[in-house]
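Numbering (my numbering), first residue to last: 80 to 198. In this text, a Cβ means the ideal position worked out from N, Cα and C, and glycines have one as well. Source: prediction; values computed, not measured. Here's the structure, in structure tokens; my notes come after.
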């Protein structure tokens, strides 16, 4: 009886080993999974304008925020003034007609006549 038990255990262990080898081969031969897409997408392309160029010390977001801020204004003066104000204040209010209170420095820059310089 003892010999039969050892032989049975040997056969069972060989079958389990073969099954494990088959499973390992199946996983190793499967094609690699595609890499996940990055969570952060690239910023949208800027409309061509000579006034949306970064100057030294200016935050990277200035051209994008100023392009959006001046999107309803066809004049390049809006972009030029927005880029100046963004460079000084390091912020731009949200939206084309956003509340300037979001960025007090942007709101408080005045021209010689006492009017708001920043669009």
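Span separating the alpha-carbon of residue i from that of residue j
i: residue 158; j: residue 191; result: 19 Å
i: residue 168; j: residue 153; result: 24 Å
i: residue 96; j: residue 88; result: 12 Å
i: residue 91; j: residue 102; result: 17 Å
i: residue 143; j: residue 98; result: 58 Å
i: residue 195; j: residue 140; result: 22 Å
i: residue 134; j: residue 175; result: 22 Å
i: residue 84; j: residue 93; result: 14 Å
i: residue 183; j: residue 193; result: 16 Å
Cβ-based neighbour list, residue i, same chain, cut-off 7 Å, excluding 5 preceding and 5 following
i: residue 145; result: 131, 158, 161, 162, 165, 171
i: residue 197; result: 160, 161, 164, 185, 188
i: residue 149; result: 157, 158, 161, 198
Cutoff 8 Å; reference residue i; Cβ partners in own chain excluding five residues on either side
i: residue 181; result: 170, 172, 173
i: residue 136; result: 166
i: residue 147; result: 174, 175
i: residue 179; result: 172, 185, 186, 195, 197
Residues near residue i by beta carbon distance below 6 Å, same chain, minus five either side
i: residue 86; result: none
Top-ranked residue by Cα proximity to residue i, from the options
i: residue 151; options: 177, 98, 92; result: 177
Residues sharing a beta bridge with residue i, DSSP
i: residue 195; result: 189
Practice problem: Go through the stretch 159-184 residue by residue and report every complete run of the beta strand (DSSP E) that reaches 3 residues or more, in order. | Solution: None, since the stretch 159-184 contains no complete beta strand (DSSP E) of that length.
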